[in-house]
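S.K.:
Number of protein chains: 2
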Amino acid sequence: MSKLAVRPEEDGQVEAVVREIAQAARDASYHMGLADGAARDAALRSAAAAIRQKATDILAENAKDMAFAAKKGLNAAMQDRLLLTPDRIEAMAQGLEQVAALPDPVGRTLAEWERPNGMKIARVSVPLGVIGIIYESRPNVTADAGSLCLKSGNAAILRGGSESLHSSTIIVECLQAGLKAAGLPVKAVQAIPTRDRAAVGAMLRMADLIDIIVPRGGKSLIERVMAESRIPVIAHLEGNCHVYVHEKADPEMARKVVLNAKMRRTGVCGAAESLLVDRKVAAAQIPGIVDALAAAGCEVRGDEAARSVDPRVVPATDEDWDTEYLDAIISLKVVDGLAAAIDHVNRHGSHHTDAIVTDDQDAADRFLTRVDSAIVLHNASTQFADGGEFGMGAEIGISTGKLHARGPVGAEQLTSFKYVVRGSGQTRP
Amino acid sequence: MSKLAVRPEEDGQVEAVVREIAQAARDASYHMGLADGAARDAALRSAAAAIRQKATDILAENAKDMAFAAKKGLNAAMQDRLLLTPDRIEAMAQGLEQVAALPDPVGRTLAEWERPNGMKIARVSVPLGVIGIIYESRPNVTADAGSLCLKSGNAAILRGGSESLHSSTIIVECLQAGLKAAGLPVKAVQAIPTRDRAAVGAMLRMADLIDIIVPRGGKSLIERVMAESRIPVIAHLEGNCHVYVHEKADPEMARKVVLNAKMRRTGVCGAAESLLVDRKVAAAQIPGIVDALAAAGCEVRGDEAARSVDPRVVPATDEDWDTEYLDAIISLKVVDGLAAAIDHVNRHGSHHTDAIVTDDQDAADRFLTRVDSAIVLHNASTQFADGGEFGMGAEIGISTGKLHARGPVGAEQLTSFKYVVRGSGQTRP
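Those protein sequence lines, which keep their order, are chains A and B.
Using the working numbering, you'd call the opening residue of the first sequence number 1 and step up by one each time.
Using the working numbering, you'd call the opening residue of the second sequence number 430 and step up by one each time.
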């Protein structure tokens with residue numbers, strides 16, 4: 001931990017520290033890419049054991065972070081995210097074991113074919129290389145993100161929020177203990193050992209050593225990373241998710257899906273933020289849905305048409321259509337049919353997750369085809385936007401970009417591929 | 430063509446022109462993404478007909494470009510690439526028809542599964558959106574790259590070299606005629622109507638309207654694009670490709686494969702630039718291979734060990750191991766076994782295409798697994814590094830990056846995907 005002494009003004013030194021880490025990660029990544037899946041899984045299981053064994057030490061390190069955070073005046077929600085408890089530590093250990101149990105994403109034959117000249121071509125999955133993860137002061141992300149990188153044969157450079165430095169450091173030590181036990185290079189997981197924010201900038205410039213950056217956190221963090229990075233970024237900026245209640249929607253299903261999409265958990269990116277109701281059924285559908293939302297403590301902000309149907313709806317401004325509340329608030333707009341709903345979603349949404357409720361298969365198909373989002377659902381809650389719910393195991397986030405990974409980013413999405421060609425002396429005419 | 434009047438110093442105006450084009454491309458991309466594959470194919474066939482019909486006009490426009498290029502003092506090789514002939518125009522038309530005949534890359538179900546709660550999830554291919562192509566003064570690239578973008582349901586913004594402005598413009602008009610005939614938006618293919626280089630910078634900044642940039646050309650062009658772009662880039666910087674002659678290589682096959690890999694065409698990115706020969710067979714293999722290369726007019730630059738075996742080998746410097754000659758020159762290094770060969774390729778190669786010649790299956794498997802390149806071959810020529818030779822139809826280039834596309838980039842690689850979820854009222858517990 002001696003490098004913790006690096007001071008903010010010594011940017012050159014921060015750069016050198018980060019470069020040394022990145023170079024070690026690059027070297028480790030070659031070994032990881034060639035290791036057996038069984039060895040990578042053994043490392044994850046050993047890491048889980050180390051976390052359980054070191055639970056008392058982890059709590060002690062976390063207490064240092066909590067004291068620092070309290071002194072710094074971190075708000076209660078952020079302190080809660082930083083806090084580790086015996087239950088949360090056990091959950092981290094179990095998470096590592098779950099990732100170990102996933103199928104190996106490396107070395108899969110994605111496609112294979114033979115050419116008329118007899119050459120056999122296979123497309124085979126390989127690790128990406130070195131992944132930089134930049135996140136907030138959430139110690140559990142250290143274990144989650146680190147484990148997905150290792151599972152997929154990559155090396156990880158972890159940069160958590162400054163308040164979680166001690167907690168993250170000891171969790172990384174547990175991951176490294178797992179690597180060591182499995183005979184893998186310990187530098188395949190490293191934490192940045194300084195609170196200096198210059199370290200983030202240094203990471204984002206190291207395109208020669210880091211293959212991809214995954215920011216995980218709030219909008220300002222992700223915007224900074226996307227603006228500064230010279231390295232490709234997998235990120236989602238926000239989830240302004242919609243539920244559209246079509247004219248042929250079953251009222252009971254509409255109420256149930258909207259309530260779940262909005263209120264199951266309001267702080268997740270798959271939470272619905274905007275409700276669209278077809279004008280033809282506005283009077284029939286809105287009161288029942290507002291009943292359910294109001295009973296759950298949700299504020300509904302609607303346009304004139306919605307308010308004329310239900311006086312509990314408070315006025316919305318134009319800004320509401322573009323707002324991700326992450327809170328018990330939903331915007332409500334009455335729309336003139338399917339095309340208008342699709343247009344509204346594509347214009348105001350964030351290309352994350354959007355749902356239609358309808359008994360009309362044709363309308364559903366049009367919505368699913370025409371809404372330009374990573375995840376589109378028919379008659380199901382937007383809260384299913386989650387790698388685990390998709391059956392993909394753990395996820396590192398949900399990408400709203402269209403390149404490489406879109407939607408839930410799990411271990412499989414942290415791989416690339418190569419073409420393996422087997423011949424018998426073929427030359428090209 | 431009135432916008433040709435834009436002058437270099439009026440950067441603000443160039444920016445506005447490019448933004449107008451990019452916005453029109455974005456609008457057109459929504460329509461393209463929803464169009465039937467049959468309509469997109471019809472557009473490509475109509476464009477081929479338009480190119481044949483306008484052949485005389487195309488030759489006339491090309492003559493203007495050739496005159497400009499001659500006045501500018503462009504070298505002979507570049508003038509040859511710029512030149513169109515009746516044969517080359519017919520080849521462009523046939524290229525469009527070949528792309529039309531490829532399978533539709535859009536709307537494919539890439540995977541589908543059902544969850545225990547009854548939700549059906551499908552991963553379905555969709556277009557990327559708006560693709561910016563930046564290339565040199567090669568009019569045929571206008572047709573090739575434009576057609577792959579249209580095939581994959583994208584909108585294309587084409588920025589060819591300034592000397593090809595008139596040729597590119599009329600070829601784009603033919604593509605637009607095809608789009609119009611098929612009832613598709615003509616703005617799905619547009620050329621940047623100015624020679625001003627500021628237009629390239631403007632494109633590279635328009636991350637809100639352009640989804641991906643594909644540079645096609647020499648190293649300096651691609652380096653500039655990669656350094657400046659705020660938009661993800663699919664590119665390959667160079668192809669420093671290797672052939673490794675293993676100790677168990679059949680001499681006849683080794684000679685044949687090396688000769689083809691180097692000399693079939695020296696100017697392509699899949700041409701071999703470096704030959705590695707195992708020390709154990711250096712004396713046995715090198716003279717025969719040098720015989721073949723020398724007879725074909727190839728200079729061989731080797732290390733001490735190679736020169737001691739064959740006096741026709743001239744001295745190599747350290748720089749040679751990292752050089753892509755694109756010419757009738759090859760570097761030759763004697764290596765101590767398989768591991769040293771793999772290490773040399775990973776250190777000095779460009780992660781493009783590398784081959785091993787051997788009768789030892791284990792050695793081949795190790796090479797194929799451990800060499801970190803987009804394409805790895807056993808007993809076949811590196812000149813097969815080509816989308817057409819892979820059976821993927823036309824290609825827009827070969828990517829040496831690991832994100833999104835790696836290896837040949839054809840129509841399929843110009844797509845993304847979305848998750849389509851069909852439920853019956855499921856909510857998340």
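Beta carbons: idealized from backbone N, C-alpha and C, even for Gly.
So the candidates are B:Ala823, B:Pro858, B:Gly830; which of them puts its Cα closest to the Cα of Ser576 of chain B?
M.R.: Indexing the second sequence from 1 puts residue 576 of chain B at position 147. Cα-wise, what sits closest to Ser576 of chain B is B:Ala823.
S.K.: From the DSSP output, in three-state form, read off Thr415 of chain A for me.
M.R.: Within the first sequence, numbered from 1, the residue matching residue 415 of chain A stands at position 415. Of the three classes helix, strand and coil, the one that applies to Thr415 of chain A here is strand, per DSSP.
S.K.: Residues in the same chain with beta-carbon distance under 7 Å from Lys280 of chain A, minus the five sequence neighbours each way, listed in chain order, please.
M.R.: Against the first sequence, residue 280 of chain A aligns to sequence position 280. The beta carbon of Lys280 of chain A is closer than 7 Å to those of Glu247 in its chain, skipping five residues each way along the sequence.
S.K.: So within the region 295-358 of chain A, which uninterrupted beta strand (DSSP E) runs reach at least 3 residues, ignoring any that extend past its ends?
M.R.: 299-302, 329-335, 353-357
S.K.: Do you know how far the Cα of Ser458 of chain B is from the Cα of Leu433 of chain B?
M.R.: Your numbering for residue 433 of chain B matches position 4 in the second sequence. Your numbering for residue 458 of chain B matches position 29 in the second sequence. Model confidence at Leu433 of chain B stands at a pLDDT of 42, short of 50, so the residue's coordinates are unreliable; what they give is reported in the following sentence. C-alpha separation (whole angstroms): 25 Å.
S.K.: If you measure from the beta carbon of Gln842 of chain B to each beta carbon in chain A, is any gap under 7 Å?
M.R.: Sequence index remark: in the second sequence, residue 842 of chain B carries index 413 (1-based). Gln842 of chain B does not count as touching chain A.
S.K.: Here's the rule: buried if 16 or more other CB atoms are within 10 angstroms of the residue's CB, otherwise exposed. What is Ala472 of chain B?
M.R.: In the second sequence, counting from the first residue as 1, residue 472 of chain B sits at position 43. Buried, because 16 or more other Cβ atoms sit within 10 Å of the Cβ of Ala472 of chain B.
S.K.: Taking all protein chains shown into account, decide if His671 of chain B is buried (16 or more other Cβ within 10 angstroms of its Cβ) or exposed.
M.R.: For the purposes of this step, residue 671 of chain B is taken as residue 242 along the second sequence, with counting starting at 1. By the neighbour-count criterion, in which a residue is buried when 16 or more other Cβ atoms sit within 10 angstroms of its Cβ, His671 of chain B is buried.
S.K.: Express the C-alpha separation of Asp36 of chain A and Leu276 of chain A in angstroms, rounding to a whole number.
M.R.: Here residue 276 of chain A refers to the residue found at position 276 of the first sequence. Here residue 36 of chain A refers to the residue found at position 36 of the first sequence. In a straight line, the C-alpha of Leu276 of chain A is about 50 Å away from that of Asp36 of chain A.
S.K.: In three-state DSSP terms, what is Thr623 of chain B?
M.R.: Residue mapping note: residue 623 of chain B aligns to position 194 of the second sequence, counting from 1. Reduced to three states, the DSSP call for Thr623 of chain B is coil.
S.K.: Consult DSSP for Ala664 of chain B and reduce its assignment to one of helix, strand or coil.
M.R.: Position 235 of the second sequence, counted from the first residue, corresponds to residue 664 of chain B. Three-state DSSP puts Ala664 of chain B in coil, outside helix and strand.
S.K.: Taking Phe819 of chain B as the query, report the chain A residues whose CB atoms sit under 8 Å from its CB, ordered along the chain.
M.R.: Walking along the second sequence from the start, residue 819 of chain B turns up at place 390. Within 8 Å Cβ-Cβ: Arg115, Ile121, Tyr419.
S.K.: On the CB-based measure, 16 or more other CB atoms within 10 Å of its CB, does Ser845 of chain B come out buried or exposed?
M.R.: Along the second sequence, read from residue 1 onward, the residue named residue 845 of chain B stands at position 416. Ser845 of chain B sits buried, since 16 or more C-beta atoms from the chains shown fall within 10 Å of its C-beta.
S.K.: What runs of the alpha helix (DSSP H), each 4 residues or longer, lie entirely inside the region 42-123 of chain A?
M.R.: 55-72, 76-82, 86-101
S.K.: Under 6 Å Cβ to Cβ from Arg307 of chain A, same chain only, skipping five residues before and after it: list those, please.
M.R.: For this step, residue 307 of chain A is matched to residue 307 along the first sequence. So the qualifying residues of the chain are Val313.
S.K.: Just list the residues that DSSP pairs His671 of chain B with in beta bridges.
M.R.: Sequence index remark: in the second sequence, residue 671 of chain B carries index 242 (1-based). B:Ser703, B:Asp783.
S.K.: Output yes if chain A places a C-beta closer than 7 Å to the C-beta of Ala745 of chain B; else output no.
M.R.: Against the second sequence, residue 745 of chain B aligns to sequence position 316. No, no contact with chain A.
S.K.: Can you list, in chain order, the residues of its chain whose CB lies under 7 Å from that of Val435 of chain B, leaving out five sequence neighbours each side?
M.R.: For this step, residue 435 of chain B is matched to residue 6 along the second sequence. Low confidence applies here, because Val435 of chain B scores a pLDDT of 42, under 50, leaving its location unreliable; read the following figure in that light. Counting only Cβ-Cβ distances below 7 Å, and skipping sequence neighbours, we find Gln442, Val443, Val446, Thr623, Asp625.
S.K.: Under 7 Å, Cβ to Cβ, is there at least one residue of chain A near Val805 of chain B?
M.R.: Your numbering for residue 805 of chain B matches position 376 in the second sequence. Taking 7 Å as the CB threshold, Val805 of chain B lines the interface with chain A.
S.K.: Does the count of Cβ pairs from the region 478-492 of chain B and the region 541-551 of chain B closer than 8 Å reach three?
M.R.: no
S.K.: Within the same chain, show all residues whose beta-carbon is closer than 6 Å to that of Ala283 of chain A, passing over the 5 residues directly before and after it, in chain order.
M.R.: Reading the first sequence from its first residue, position 283 is the one you call residue 283 of chain A. Taken in chain order, the residues that qualify are Val309.
S.K.: Taking only beta-carbon positions, decide if Arg693 of chain B is within less than 7 Å of chain A.
M.R.: Counting from one through the second sequence, the residue named residue 693 of chain B turns up at place 264. Yes, contact with chain A.
S.K.: Along chain A, which residues have their Cβ under 7 Å away from the Cβ of Pro661 of chain B?
M.R.: Numbered from its first residue, the second sequence carries residue 661 of chain B at position 232. In chain order: Pro232, Leu403.
S.K.: So for Arg265 of chain A, helix, strand or coil by DSSP?
M.R.: Counting from 1 along the first sequence, the entry for residue 265 of chain A is found at position 265. Annotated three-state conformation of Arg265 of chain A is coil, per DSSP.
S.K.: Interface residues of chain B around Leu128 of chain A at Cβ under 8 Å?
M.R.: Counting from one through the first sequence, the residue named residue 128 of chain A turns up at place 128. Listed along the chain, the chain B residues whose CB falls inside 8 Å of the CB of Leu128 of chain A are Lys831, Leu832.
S.K.: Taking only the alpha-carbon atoms, compute the straight-line gap between Ala69 of chain A and Gly161 of chain A and give it to the nearest angstrom.
M.R.: Counting from one through the first sequence, the residue named residue 69 of chain A turns up at place 69. Counting from one through the first sequence, the residue named residue 161 of chain A turns up at place 161. So the two alpha carbons sit approximately 11 Å from each other.
S.K.: Check for me: the beta strand (DSSP E) holding Ile639 of chain B runs from which residue to which?
M.R.: To locate residue 639 of chain B, count along the second sequence from 1; it is residue 210. Ile639 of chain B -> no beta strand (DSSP E), and no H or E assigned at all.
S.K.: Taking the alpha carbon of Ile734 of chain B as the point to measure from, which residue in B:Lys762, B:Lys648, B:Asp720, B:Val800 has its own alpha carbon closest?
M.R.: Here the question's residue 734 of chain B lines up with position 305 in the second sequence. Before going on, a small fix: residue 734 of chain B reads as Ala here, not Ile. When each option's Cα is compared against that of Ala734 of chain B, the closest is B:Lys762.
S.K.: How is Ile396 of chain A classed by DSSP in three states: helix, strand or coil?
M.R.: Taking the first sequence and counting its residues from 1, one reaches residue 396 of chain A at position 396. Three-state result, Ile396 of chain A: coil.
S.K.: Can Ser682 of chain B and Val570 of chain B be called in contact, C-beta distance under 7 Å?
M.R.: Translated into positions along the second sequence, residue 682 of chain B becomes position 253. Translated into positions along the second sequence, residue 570 of chain B becomes position 141. For clarity, residue 682 of chain B is Met in the given sequence; the question names Ser instead. Contact flag unset, no.
S.K.: Could you please give the first and the last residue of the uninterrupted alpha helix (DSSP H) stretch that includes Arg230 of chain A?
M.R.: By one-based count along the first sequence, residue 230 of chain A stands at place 230. Element bounds for Arg230 of chain A: n/a, residue is neither H nor E.
S.K.: With a cut-off of 7 Å, does the C-beta of Ala380 of chain A fall near any C-beta of chain B?
M.R.: Residue 380 of chain A sits at position 380 when you count from the first residue of the first sequence. It does: the Cβ of Ala380 of chain A has a partner Cβ on chain B nearer than 7 Å.
S.K.: Quick check: is the beta carbon of Ser416 of chain A nearer than 7 Å to any beta carbon in chain B?
M.R.: Looking up residue 416 of chain A in the first sequence gives position 416. Interface residue, yes.
S.K.: On the CB-based measure, 16 or more other CB atoms within 10 Å of its CB, does Ser381 of chain A come out buried or exposed?
M.R.: In the first sequence, the residue the question calls residue 381 of chain A occupies position 381. Classification for Ser381 of chain A: buried.
S.K.: Using a Cβ-Cβ cutoff of 7 Å, what residues of the region 657-691 of chain B are near chain A? List them in chain order.
M.R.: Pro661, Met682, Lys685, Val686, Asn689
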